[in-house]
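For reference, the structure is listed below as structure tokens.
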Amino acid sequence: MNDPNLLVGMERADDAGVYKLSDDLAVIQTIDFFTPIVDNPYMFGQIAAANALSDVYAMGGKPLIALNVVCFPVKTMDISVLREILKGGLEKMREAGVTLVGGHSVEDAELKYGLSVMGTVHPNKILTNTGAKIGDCLILTKPLGTGIINTAIKGGMATEDSATKVTNCMAGLNKTASEVMQEVGANACTDITGFGLLGHACEMIQDSDVGMIIYASSVPFFPEALEFARMGFVPGGTYRNKEFRMKLIEADKKIPEYMMDILFDPQTSGGLLISVPKEKADKLLGRLRKEKVKDAVIIGEVVAKPKGKVVLR
Amino acid sequence: MEREVDARGLACPQPVLNTKKALEEIGEGVVKVIVNNTTAKDNVKRFAESQGCSVEIEEKGGDFYLTVVKGEVPEAEKKPEEAIGKDVILICTDTLGTGDKRLGEILMKAFLNTLVDTEPKPAKLVFMNNGVKLTTEGSEVLDALEALEKKGVEIFSCGTCLDYYRLKEKLQIGEATNMFDTVKSLVGAAKVIGI
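Note that the protein sequences, when read in sequence, are chains L and Z. Residues in the first sequence are numbered from 0 upward in steps of one, following numbering that gives the first Met the number 0. Residues in the second sequence are numbered from 0 upward in steps of one, following numbering that gives the first Met the number 0.
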């Protein structure tokens, strides 16, 4: 099927599909749902909604409407749990200015929730995960470590403070970060989710004419994640991500193994990884911090060599 | 003492938790852990090593058999629940406070001597800039630092500082470290006490 109006399809594992409606309007469509990340149903709803909306923000678009996607064990779980989840999701959508227009639920032994989201973007302003240019700075807007810390939470090893901090981070919208990015301008963007920072970074440069240098000591992460990684509270996804992408990574031998874990840690509802022209980097960073995206930081740059690889220093 | 933990089919992080429980129960001895996926194998190995145990792994019929040997109680008197949230004390000069230099030296000595008998201990002492004069030849506080090291406190001196003051060969206690590890120690600490 070859539709010339399809601007972003399935070929490059991008964050969403984009379809041109007219010369100045394209529609973005995405869907994301998953099993509970946290015990609190309301927060689960908030995180799932933020996570689904993030893909539209990562494309440089504006989400407008959404549909609920629900799988619920109605015979064995109290319906009040679902009510709380949906409330969390709805309030997150309200926060984003997104209207809920419907949804679909299926009975399932395993609880799942998320959204299908529709948004819009100008066809010339779409930010795909390719498009990074030599000399660009790389900015990350949320700290890493949610996968490792969630594993530790499951094991009862994390403090309540840690759990709250991480939950709030996951429930945070990438809305402001995206709006500032769209205003200042960028060359490429993706959101950091299941493949971890390095997994998604590799997506941005694989088979391309550019490479990346990432400075491991600049990458923001939750401090607790380091100790938990050392103790073996590392989700299976981290190892899988490492295995899948290690051949595209050239890592300095001094970088400890547990730091590599954090860099490959699968994130839930992570931040945006933005490739911004060098001359705009300071302005973007300044505006992000001013608009309260306080964890935004420059973590590396886009280089000519090695092509298609990520160098970790 | 010996314990066996069959963690096959258990979801992450249950294998690590069960191993942790078994290690706590035996005091000293061997815990044999069986898992059936590489994630669990890597995580249990990681955990055991972080607790100062040695690990040997054998693969049999798709399962992994880990033999975890817990020797004498490791120098660090860490209760496993306290493995997270450790404090770091950052010492950036060789006197405590500014003012009279001799008073500063006396106070620093008293501080470190008192620290030897105080609980809980910090996980690490990090010495930077003039602080490296305390970990090198001629320091008056080496006894206190040795006592702290015996109780499991890790002692690090900034490598750049040792080089700058030409004290690299005169390091008497602990290890030289680099900025990367220093920053990681500070950032990963529950709290950092700067004196």
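Think of the CB as a built atom: it goes at the ideal place given N, C-alpha and C, for glycine as much as any other residue.
DSSP three-state assignment for residue i, whether helix, strand or coil
i	result
Z/Arg2	strand
L/His103	strand
L/Asp281	helix
L/Ala67	First, the amino acid is wrong: residue 67 of chain L is Asn here, not Ala. Residue state, collapsed to three classes: strand.
L/Lys61	strand
Z/Ser138	coil
Z/Lys31	strand
L/Glu256	helix
Z/Asp41	helix
L/Tyr238	helix
L/Phe232	coil
L/Gly210	strand
Z/Asp99	coil
L/Leu195	The question names Leu, but residue 195 of chain L is Gly in the sequence shown. Helix at L/Gly195.
L/Ser268	coil
Z/Cys91	coil
Z/Val67	strand
Z/Lys167	helix
Z/Leu106	helix
L/Lys141	coil
L/Ala187	strand
L/Met156	coil
L/Gly16	strand
L/Ala131	coil
L/Met117	strand
Beta-carbon proximity check, residue i vs residue j, cutoff 8 Å
i	j	result
L/Phe71	L/Glu94	no
L/Leu271	L/Ala57	yes
L/Val183	L/Arg286	yes
L/Ile204	L/Val310	no
L/Ile254	L/Met117	no
L/Val296	L/Leu139	yes
Z/Asn129	Z/Asp86	no
L/Asn186	L/Gly130	yes
Z/Leu89	Z/Val67	no
Z/Glu57	Z/Val29	no
L/Leu225	Z/Gly51	no
Z/Ile194	Z/Leu95	yes
Boundaries (first-last residue) of the beta strand (DSSP E) holding residue i
i	result
L/Pro40	It is not in any beta strand (DSSP E) - L/Pro40 instead sits in the alpha helix (DSSP H) that spans 40-57.
Z/Cys157	153-157
Z/Cys52	Careful: Z/Cys52 lies outside any beta strand (DSSP E) and carries neither H nor E.
Own chain residues within Cβ distance below 8 Å of residue i, not counting five before or after
i	result
L/His199	Asn128, Thr189, Asp190, Ile191, Thr192, Leu272
Z/Ala6	Gln13, Pro14, Asn17, Thr18, Val32, Ile33, Val34, Ala39, Val43
L/Gly195	Leu143, Gly146, Gly236, Thr237, Asn240, Leu262, Phe263, Asp264, Pro265, Gln266
L/Lys279	Val183, Gly184, Ala185
L/Ser64	According to the sequence shown, residue 64 of chain L is Ile rather than Ser. Within the same chain, L/Ile64 has close Cβ partners Val97, Thr98, Leu99, Val100, Val116, Met117.
Local Cβ density within 10 Å of residue i, reported as buried at 16 or more and exposed below that
i	result
L/Asp281	exposed
L/Ile298	buried
Z/Pro119	exposed
L/Thr29	buried
Z/Lys78	Below a pLDDT of 50, predicted positions are generally treated as unreliable, and Z/Lys78, at 47, falls in that range; the measurement from the model is reported next regardless. Z/Lys78 should be labelled exposed.
Z/Glu153	buried
Z/Lys20	exposed
L/Lys174	buried
Z/Val182	exposed
L/Asn67	buried
Z/Gly98	exposed
Z/Asp41	buried
Z/Ile192	exposed
Z/Ser53	exposed
L/Met76	exposed
Other residues of its chain near residue i: CB distance less than 6 Å, five sequence neighbours each side excluded
i	result
Z/Asn177	Gly158
L/Gln45	Gly87, Lys91, Ala170
L/Ala49	Lys91, Ala170, Leu172, Ser268
L/Ala108	Pro72
L/Asp31	Asn50, Ala51, Gly113
Extent of the continuous alpha helix (DSSP H) to which residue i belongs
i	result
L/Val97	Unbroken run through L/Val97: none, as it is neither H nor E.
L/Phe227	222-229
Z/Val125	Z/Val125 -> not in any alpha helix (DSSP H); beta strand (DSSP E) instead, spanning 123-126.
Z/Lys25	Strictly speaking, residue 25 of chain Z in this sequence is Ile, with Lys absent from that position. Segment 13-25, the alpha helix (DSSP H) holding Z/Ile25.
Z/Asp180	178-186
L/Asn161	Residue identity check: residue 161 of chain L is Ser in the sequence provided, not Asn. Taken as a continuous stretch (DSSP letters only), the alpha helix (DSSP H) holding L/Ser161 covers 159-170.
L/Phe146	Per the sequence shown, the amino acid found at residue 146 of chain L is Gly instead of Phe. Residues 145-153.
Own chain partners of residue i with C-beta closer than 7 Å, once the 5 adjacent residues on each side are dropped
i	result
L/Arg244	Leu197, Gly198, Cys201
L/Ala228	Ile147, Tyr257, Asp260, Ile261
Z/Val131	Ser156, Cys157, Cys160, Leu161, Tyr164, Leu166
L/Asp251	Leu311, Arg312
Z/Val140	Met107, Lys108, Leu111, Leu133
L/Leu85	Gly44, Asn67
L/Pro35	Phe43, Leu110
Near the ligand MN: residue i beta-carbon under 7 Å from a heavy atom
i	result
L/Lys132	Summarising the ligand content, the structure contains no ligands, and the ligand MN is consequently not present.
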